[in-house]
Structure formats: structure tokens, C-alpha cells
Amino acid sequence: MPDVSIVVSFVQLLQGFESCFTGPSFATFVSLMAGWSLATGRHTVTGVVRAANAVGWKHIRSFHRFFSEGRWLPDELGLILVRLVVDRCLKPGEAILAPVDDTLGRHTGKKIAAASMHRDPLLSTGKRPFFHWGHLWVVVSIAIPAFGKTWALPVLFRLYRGKKRCKAENRAYRKCPELAAELIKVLADALPDRRLVVVGDSAYTNGSIIRGRPKNVTVIGRCRLDAALYAPPPSRRRGQMGRPRVRGKRLPSPQKQIATARWKTVEVTVYGKTVKVRVVVIDALWYVAARSELVRLVVVRNFPGHERDDVFVCTDPATEATSIIERFARRWSLEHTFHECKGKLGFEDPQNRTEHAVERTAPMALWLHSLIVLWYLAHGQHTRAARQPFLPWYSKTAPTFSDMLATLRRASWTERLSIPCASVQTLRKRMRPLVEALAA
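Numbering-wise (our numbering), the sequence shown opens with residue 5 and increments by one.
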């Protein structure tokens, strides 16, 4: 293994993934994760290798083959990370909140493997959509509480391919919710003794997610104000002929019910503050999505950031309205994670030309985000490197991900340079990666 510049406590955290690799591949994995953490420029494979101080240790093709030809499986790494997050950050028996969403990794160049045109959610409006060339990733994360807020730690991923690309490659087309349902099943099967609460927006609140889900999964998402609702089917009469009814009479839509319903005022803690909202609770069958399963709909008025009435749905009708609203609001933490991974960890930087490499390289940035948060909670916050930046016009009450990443880098360079050196030549050798990082 090369002279890795990362702090020893972070390498010890990576030891939990050793079973997924061969000996040489695991050494490559550690080197790449170290370089990915320390790289300040573009996070291409060559840039990461330079940041890891691994130039000359192996041929550069070995690092590219790690992604394009390696036999390791991304789901195996994801499930080990799931166990680390659950064991270290959640209480035994506590329900696991799992936000799910997709994110666009923008790229340029027609030779980028598996890329196609996708709607850009940041540039698009309701009247004018914008499209961008790149990869669309479906991500399942685990939400944990820390420092007074929610952190969504990505664990499992799937690459979405458009209809045209699937047709050209003679591949079966699968929608984003179908890919998410597969990931949810993988996560639920890995945690059969834990209750899993999946939270998604309207794109991930439909029949693909709700119907046929594992028994230990509850779904919370956004519904429609004009949803077609039905009463539960009536009891079967004695001697009645024909098949049993699957739904009762048609009920008014949520939009019509709230016109005459009695609103209730409740306090909820969302987006870091406690506010009062007005709610109407409706228990009914949302047949198009959940078939004959009774669900709970919560119509919310005065929800922060929402000018119009909104309606949320939960597949567990015993869940309180406040819990449904607060859990749905915690879904937004995954958007923060995407922002940090793109801005700080180079999620969109790798330029892969083989599909096998595409499916493994970009998720490294998402896995690294989760590992950095885990490292900071276990080690980083207790080190001298975990000092908050102080400015006369700005003060922080809790660390951000940028602070955690800076702490990891600060601790790594401090550990590397504080060890006594036998000669000036050795000191210069240790300082060379730091100088290169500053120059980048």
C-alpha cells in the first residue's frame, strides 16, 4: 500500500469493507477513498490518485480497471455501510427513516457511457422544462439525527436509463420508482427486524413503491388534492354471490372534503423551527396507488414554504398527523446531501467511457459523504482539528458537512507532518502531497 496521506482513524473505518475486495483491490479502494477526501480540484480518477500520493505505486490503468473490471459489487458495499450507520447512529429497535430521491449528474461529451438527456430539475419551471446530458441516479439513504438537524447518508444506488437508450441496447426499460422499489427491498431484506419508513416526493409515492413492498416498510409521501378516494369495502353478506368487493363507495376528493371539514391546529417541528399548521386527517382507500389498503391522508395548510394546501399520505393509518408531516419534512436533508456531494466531492467530475465504471465511480462520492459524517461523529469531533471557523460577522452553532470535510483534511495533514522525521528529505517527502494539494 502507498504512503496514504489520510488520517489513521479513517483508514480503520474503511477496514469494515475489506471483505468486499481482494487484497490488492482493497488497497486500491483505501487509496482512492483517501485521495477522494483530500482532492481539492476535479475528482477525476487521475486527480484522486495524485491527491492520494499514489502516483508510481501502481500503473494508472490499475485504478481505472478497479472501476471498469473489478469484481466487487456496489450493493455489498452499500449494505456494509447500512450496518455501520444503523449500529453507530440509531437506537436499537428505532424505526429507520429512509429518504429516497433521484439526482442528475451533468456531463459533457457523447462518449460518456450510459448518458442521455434528462430533465434538469434546477433549471426547469412548470411551463418551460430544460434538459441536460448526463446520468440520473436513484438514491436511497438513511436519515440520522446529529447536531440538532437531520443528515441523509446515501447507501444504495441505481442508474436510470431512458427509453431510447434501453431500446438501442435491447435492455428492459425500468422507471425510477421501479428502481427505487428494488433498492427498498434490498434494504428491507437486510434489516428484517427493523421498521423502515420510506419518505419520498410525489414521484416516489405511487403503486410501484406502495404495492408489493416488504412487510416491514411504511411509505410516507405526497399525494394529490384531486386524488380518487374510496371507502373500505362493505362486509360480505351471508349467502352473497360473486367475488368480494375490493373497494367501497366513491368519496369526495381531499380538495372537496376540506371545503366543509373542520380544521385542527397542531404544532410541528420542520426545517429547524417549530410552527403551527392547520390539518385535516382523512382515512380512506387511495385505490390507484394502494389498492384495498387503508391509508391516512393529511391535508396541511400554512406549511412553511408552501403557498397552497398540500396533502401527505402514509400507508400506516395509525401514525399521527404531526409525525407524518415531520418525517416528510426530513426528506429535504437528502437534497442537501446531493448539493454537498456535487460541490465538495466531485460527484459530476468522473468521465467514464464504460458502463461498468459509470455504475461504480460516481457512487464513490455519495459513499464518501456518509463515511465522512460517520468518521466525524466517532472521531473527528473529539480532535483538535474540529475547530469551528470564527469570523466577526458569522458564527456557527453546529458543524456543517464542509466543516467535517475540513476537519478530516486538517487531521490528516497534522498527523502526517507532526511525526518526527529522521531527515529533511523525509520531511520534504511528507510535505509534497500537501504542497500539491495547495497548488491545485
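For every residue, glycine included, the Cβ atom is placed at its ideal position computed from N, Cα and C.
- Using a Cβ distance threshold of 7 Å, Val317 and Cys170 do not count as a contacting pair.
- When the five nearest sequence neighbours on each side are left out, the beta carbons in the same chain lying within less than 6 Å of the beta carbon of Gln392 are those of Lys400, in order along the chain.
- Membership of Pro393 in any alpha helix (DSSP H) is not indicated, and neither H nor E is assigned to it by DSSP.
- A residue is called buried when at least 16 other Cβ atoms come within 10 angstroms of its Cβ; Asn174 does not meet this threshold and is exposed.
- CA-CA distance, Ser35 to His139, rounds to 26 Å.
- Per DSSP, Val143 is one residue of the beta strand (DSSP E) stretching across 135-150.
- Ala185 is not a Cβ neighbour of Leu338, given a cutoff of 7 Å.
- In the structure shown, the three-state DSSP call for Tyr291 is helix.
- The DSSP-derived three-state label of Val11 is coil.
- Taking all protein chains shown into account, Lys131 has fewer than 16 neighbouring C-beta atoms within 10 Å of its C-beta and is therefore exposed.
- Asp205 sits in coil when the DSSP states are folded into three classes, being neither helix nor strand.
- Looking at the DSSP output, Glu271 shares a beta bridge with Lys280.
- Leu157 carries a strand assignment under DSSP once its states are collapsed to helix, strand and coil.
- The C-alpha of Tyr208 lies about 12 Å from the C-alpha of Arg215.
- Ranked by how close their Cα comes to the Cα of Gly252, the residues Met368, Tyr234, Gln261 have Tyr234 in first place.
- Here Gln259 has Leu229, Asp230 as same chain residues with Cβ atoms under 7 Å from its own Cβ, once five neighbours each way along the sequence are excluded.
- Sixteen is the threshold: when 16 or more other Cβ atoms of the shown chains lie within 10 Å of the Cβ of Ala369, as they do, the residue is buried.
- Here Gly152 has Ala402 as same chain residues with Cβ atoms under 7 Å from its own Cβ, once five neighbours each way along the sequence are excluded.
- Bounds of the alpha helix (DSSP H) holding Val49 are 49-55.
- Per the DSSP secondary-structure output, Cys318 pairs in a beta bridge with Ile224, Arg300.
- In summary, His47 is buried, with 16 or more beta-carbon neighbours lying within 10 Å of its beta-carbon over all protein chains present.
- Relative to Trp76, the option among Gln244, His360, Thr411 whose CA is nearest is His360.
- Taking the C-beta atoms as reference points, Pro218 is found nearer than 7 Å to Ala192.
- Each of Leu375, Pro321, Val292 was checked against the Cα of Ile286, and the nearest Cα belongs to Pro321.
- Distance from the CA of Val202 to the CA of Val223, rounded to the nearest whole angstrom, comes to 5 Å.
- Closest in C-alpha terms to Thr358, from the list Lys115, Lys433, His111, comes Lys115.
- Taking each of Leu375, Glu324, Trp336 in turn and checking the Cα distance to Pro308, the smallest one comes out for Trp336.
- Burial state of Arg241 is exposed, judged by a 10 Å Cβ sphere holding fewer than 16 other Cβ atoms.
- Beta-bridge annotation (DSSP): Ser120 is paired with Gly138.
- In this chain, Arg247 is not harboured by any alpha helix (DSSP H), its DSSP state being neither H nor E.
- Secondary structure note for Val89: its alpha helix (DSSP H) is the uninterrupted segment 78-93.
- In the DSSP assignment, Arg364 falls outside any beta strand (DSSP E) and within the unbroken alpha helix (DSSP H) covering 359-382.
- With fewer than 16 other Cβ atoms from the protein chains shown falling within 10 Å of its own Cβ, Arg388 counts as exposed.
- Only residues of its own chain outside the window of five on either side were considered, and among them Ser120 have a CB closer than 8 Å to the CB of Lys168, listed in chain order.
- Lys62 has its alpha-carbon roughly 23 Å from the corresponding atom of Gly20.
- Ala232 has its alpha-carbon roughly 8 Å from the corresponding atom of Arg254.
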